[in-house]
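Everything below concerns the one structure shown next.
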Amino acid sequence: RKEVEQDPGPFNVPEGATVAFNCTYSNSASQSFFWYRQDCRKEPKLLMSVYSSGNEDGRFTAQLNRASQYISLLIRDSKLSDSATYLCVVNPSTGNNRLAFGKGNQVVVIP
Amino acid sequence: DAGITQSPRHKVTETGTPVTLRCHQTENHRYMYWYRQDPGHGLRLIHYSYGVKDTDKGEVSDGYSVSRSKTEDFLLTLESATSSQTSVYFCAISEGDSSGGHEQYFGPGTRLTVT
Numbered sequence: 387r388k389e390v391e392q393d394p395g396p397f398n399v400p401e402g403a404t405v406a407f408n409c410t411y412s413n414s415a416s417q418s419f420f421w422y423r424q425d426c427r428k429e430p431k432l433l434m435s436v437y438s439s440g441n442e443d444g445r446f447t448a449q450l451n452r453a454s455q456y457i458s459l460l461i462r463d464s465k466l467s468d469s470a471t472y473l474c475v476v477n478p479s480t481g482n483n484r485l486a487f488g489k490g491n492q493v494v495v496i497p
Numbered sequence: 365d366a367g368i369t370q371s372p373r374h375k376v377t378e379t380g381t382p383v384t385l386r387c388h389q390t391e392n393h394r395y396m397y398w399y400r401q402d403p404g405h406g407l408r409l410i411h412y413s414y415g416v417k418d419t420d421k422g423e424v425s426d427g428y429s430v431s432r433s434k435t436e437d438f439l440l441t442l443e444s445a446t447s448s449q450t451s452v453y454f455c456a457i458s459e460g461d462s463s464g465g466h467e468q469y470f471g472p473g474t475r476l477t478v479t
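Quick note, the sequences are listed as chains A and U, same order. Counting from 1 along the first sequence, just add 386 to a position and that's the residue number in the working numbering. Counting from 1 along the second sequence, just add 364 to a position and that's the residue number in the working numbering.
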């Protein structure tokens with residue numbers, strides 16, 4: 387089983403709509419969780435960290451469900467500029483400074 | 365943006381030739397990483413470094429070697445390039461500590477084509 391799994395999509399979203407997607411992780415001991423954004427032909431950039439209590443940054447909300455081993459990202463009021471691939475990233479084990487990356491959820495916001 | 369540069373940004377080389385990619389950081393971060401990204405595979409770790417002269421293998425290390433003689437520089441060498449090594453290579457840095465799991469910051473990438 388892969389360390390991090392995501393449904394690649396694409397997720398075609400009308401401008402102004404809400405889109406949400408999950409990713410699952412395999413190691414129940416995982417401690418750190420992140421969402422990265424990657425634009426076409428660019429490097430991944432940190433979007434937000436995901437905390438046990440969940441967190442919100444403007445139109446973006448991230449949640450962690452440890453019992454079911456998934457994290458989620460919700461984007462409200464989608465903008466054309468939100469079109470990108472969103473990577474789910476997990477630190478699979480405590481004390482290890484390596485991260486495991488999902489293949490990404492591709493989001494296309496349609497006018 | 366984190367101070368990370370990669371050079372060259374683009375390179376075309378022939379099968380069998382050695383290639384060295386350079387990653388340079390100005391953040392004084394302890395950890396540095398080399399990844400490759402290919403369609404259908406996502407980011408895969410090649411090698412990483414946890415200090416000067418301290419390196420370890422990632423999941424796809426065959427055919428690659430690394431060196432880190434200074435905190436700010438991490439070199440990736442393809443000893444004898446093959447077409448399967450055509451890819452986009454990203455360097456990343458992280459503060460890192462004993463608890464692990466710090467976020468990583470990426471350089472702009474190097475597009476390598478092996479003909």
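For each residue, glycine too, the CB sits at the ideal point set by N, CA and C. None of the values given here were measured: they were computed from a predicted structure.
Quick one: residues in its chain with C-beta nearer than 7 Å to the C-beta of U/Asn392, no 5 flanking neighbours on either side, listed in chain order?
By the criterion of a C-beta distance shorter than 7 Å, U/Asn392 is surrounded in its chain by Thr435, once the five residues flanking it on both sides are discounted.
Give me the chain A residues within the contact set of U/Tyr414, using Cβ-Cβ distance strictly less than 9 Å, ordered along the chain.
Asn483
DSSP three-state call for U/Asp437: helix, strand or coil?
DSSP, read as helix, strand or coil, puts U/Asp437 in strand.
Which chain A residues are close to U/Phe454, counting only those with a beta carbon under 8 Å from its beta carbon?
Glu429 and Pro430
Measure from the C-beta of A/Gly395 to each C-beta in chain U and report whether the shortest distance is under 8 Å.
No, its Cβ sits nowhere closer than 8 Å to a Cβ of chain U.
Can a CB atom of chain A be found closer than 8 Å to the CB of U/Asp407?
Note that residue 407 of chain U is Leu in the sequence shown here, rather than Asp. Yes - at least one Cβ of chain A is within 8 Å of the one on U/Leu407.
Where U/Gln449 falls: helix, strand or coil (DSSP)
helix
Beta-carbon separation of A/Gln417 and A/Asn491 under 8 Å?
Here A/Gln417 is not near A/Asn491, since their CB atoms are 8 Å or more apart.
Is any non-hydrogen atom of the ligand PLP found closer than 7 Å to the C-beta of U/Lys417, if you look at the structure I gave you?
By its list of ligands, the structure shown contains no ligand whatsoever, and the ligand PLP lies outside what it can speak to.
Is A/Phe487 close to chain U? Criterion is C-beta to C-beta, closer than 8 Å.
yes
Please classify U/Ser448 as buried or exposed, where buried requires at least 16 neighbouring CB atoms within 10 angstroms.
exposed
Just confirm the distance between the C-beta atoms of A/Arg484 and U/Tyr412, as a whole number of angstroms; I'd bet it's less than 8 Å.
7 Å
By DSSP, does A/Gln458 sit in helix, in strand, or in coil?
Here residue 458 of chain A is Ser; the residue named in the question, Gln, does not match the sequence. Note: A/Ser458 maps to strand in three-state DSSP.
With DSSP as the reference, label U/Asp461 as helix, strand or coil.
coil
State yes or no: is the C-beta of A/Leu473 within less than 8 Å of the C-beta of A/Pro430?
yes
Does U/Pro472 have its Cβ less than 8 Å from a Cβ in chain A?
Yes, contact with chain A.
Stretch-stretch touch, CB-based, cutoff 8 Å, three pairs: the region 455–470 of chain A with the region 404–411 of chain A
yes
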